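Here is the structure we will look at.
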Amino acid sequence: MQETPYSKIFATARTQTPLIHHITNYVTVNDCANITLCAGGAPVMAHSTDEIEEMVQYAGALVLNIGTLDLAQIESMLLVGKAAGKRDIPIILDPVGAGATTLRTNAARRLMTELQISVLKGNAGEIGVLAGVDAKVRGVDSAGISGDPVSITTEYAGRSGMTIVMSGQTDIVSDGTRTLLVENGHPLMGAISGTGCMAASVTGVFAASGKDRVTSSTAALAAFGIAGERAATLAKGPGSFKVALFDSLAALTPDDLAEGARIRTA
-7 MQETPYSKIF
3 ATARTQTPLI
13 HHITNYVTVN
23 DCANITLCAG
33 GAPVMAHSTD
43 EIEEMVQYAG
53 ALVLNIGTLD
63 LAQIESMLLV
73 GKAAGKRDIP
83 IILDPVGAGA
93 TTLRTNAARR
103 LMTELQISVL
113 KGNAGEIGVL
123 AGVDAKVRGV
133 DSAGISGDPV
143 SITTEYAGRS
153 GMTIVMSGQT
163 DIVSDGTRTL
173 LVENGHPLMG
183 AISGTGCMAA
193 SVTGVFAASG
203 KDRVTSSTAA
213 LAAFGIAGER
223 AATLAKGPGS
233 FKVALFDSLA
243 ALTPDDLAEG
253 ARIRTA
């Protein structure tokens, strides 16, 4: 199989095993650690302010997830994010539930203002709220967005300077200049808790393995989506699907990604 820019990043992850530092939520922390391993990375989940500045210096990427947010966690994220920024370590922010509560929305905006966020990855509601368009979030799930998702993602990326990932049935990735659509995945991925969080972890692994944020994010979503497609053929329901998702990503090869990725330009 001929190598692609996406499979090349995946191959780098498999050979270099980058350390991915997470400050994430306690609902999916174990899933995020394990999916990082399956994608080719090595997870560390340090969150104490007594050690995070020291720990992050070894990381290839930093993943911040506000799914179970409190004020102490915000301060930890700011501290570790500033330390990562000094070392040009890419930061992936998953603004879980932004738009649902004032705390989450303000925290996401503060993190984006004070840190050098490389990739902002969220669902349509979360991205829409942060982009300033009419969007609704119910709990941590998108409840709709007003306007064309591709146009909103592209415009917001160009205005913010971040690479924006809007997840959905078709994932959208844009830096404001290039906008790509990823059509891999399976409906069962929405039947278990934490697939969005896991996608952010995989995005971190790929960001540590390739400097082009659009290419690395697109590759990550395609790889995760292919794993979901394969897992669905093995599963009897959500429980067995989750196990099969880990197994399918762990077994995925760069050639599988090159062959199975369904990526097109918007």
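Residues -7 to 258 (my numbering) are what the sequence shown spells out, left to right.
Every residue, glycine too, gets a C-beta built ideally from N, C-alpha and C.
All values derive from a computational prediction rather than experimental measurement.
Give me the Cβ distance between residue i and residue j, rounded to the nearest whole Å; I'm assuming they're in contact under 8 Å.
| i | j | result |
| --- | --- | --- |
| residue 286 | residue 45 | In this structure the chain extends from -7 to 258, so residue 286 is not present and cannot be described. |
| residue 154 | residue 116 | That pair is no contact at about 16 Å. |
| residue 183 | residue 233 | 7 Å |
| residue 241 | residue 215 | 7 Å |
| residue 36 | residue 47 | 6 Å |
| residue 26 | residue 238 | 6 Å |
| residue 141 | residue 160 | 7 Å |
| residue 150 | residue 23 | Rounded, the Cβ-Cβ distance is 33 Å, inconsistent with contact. |
| residue 33 | residue 9 | 6 Å |
| residue 218 | residue 244 | 6 Å |
| residue 123 | residue 109 | Contact flag wrong, Cβ pair sits at about 14 Å. |
| residue 162 | residue 147 | With 8 Å as the limit, residue 162 and residue 147 do not qualify as a contact, their Cβ atoms being about 18 Å apart. |
| residue 196 | residue 84 | 5 Å |
Secondary structure at residue i, three-state DSSP: helix, strand or coil?
| i | result |
| --- | --- |
| residue 331 | No information on residue 331 is available, as it lies outside the stretch -7 to 258 that the chain covers here. |
| residue 163 | strand |
| residue 92 | coil |
| residue 176 | coil |
| residue 154 | coil |
| residue 20 | coil |
| residue 132 | Residue placement at residue 132 cannot be trusted, given a pLDDT of 49 that sits under 50; what the coordinates show is reported in the next sentence. The answer is coil: DSSP assigns residue 132 none of H, G, I, E or B. |
| residue 66 | helix |
| residue 237 | helix |
| residue 108 | coil |
| residue 41 | coil |
| residue 101 | helix |
| residue 60 | coil |
| residue 249 | helix |
| residue 46 | helix |
| residue -5 | coil |
| residue 125 | coil |
| residue 243 | helix |
| residue 169 | coil |
| residue 6 | helix |
| residue 139 | coil |
| residue 144 | helix |
| residue 28 | helix |
Give me the DSSP bridge partner(s) of residue i.
| i | result |
| --- | --- |
| residue 35 | 12 |
| residue 55 | 14 and 84 |
| residue 115 | 159 |
For the ligand GTP, I want to know if residue i counts as a neighbour, meaning its beta carbon is within less than 6 Å of at least one of the ligand's heavy atoms.
| i | result |
| --- | --- |
| residue 230 | The ligand content of the structure shown is nil, which means the ligand GTP is not present either. |
Closest Cβ-Cβ distance between residue i and chain D: below 7 Å?
| i | result |
| --- | --- |
| residue 220 | Looking for chain D here will not work: only one protein chain is present. |
| query | Between the stretch 219 to 226 and the stretch 11 to 22, are three or more C-beta pairs nearer than 8 Å? | reply | no
| Is there contact here, the stretch 74 to 92 with the stretch 166 to 174, by at least three beta-carbon pairs under 8 Å? | no
| Where are the alpha helix (DSSP H) runs, 4 residues long or more, that stay fully inside the stretch 172 to 228, in chain order? | 187 to 199 and 205 to 226
| said: Count Cβ pairs between the stretch 202 to 211 and the stretch 91 to 108 that sit closer than 8 Å; are there 3 or more? | reply: no
| Inter-stretch contact at 8 Å, needing at least 3 Cβ pairs: the stretch 237 to 254 / the stretch 33 to 50 | No: fewer than three Cβ pairs fall under 8 Å.
| request: Count the CB pairs spanning the stretch 51 to 62 and the stretch 75 to 90 that are closer than 8 Å, and state whether there are at least three. | output: For the pair of segments examined, the stretch 51 to 62 was found to touch the stretch 75 to 90: the number of CB pairs separated by less than 8 Å reaches three.
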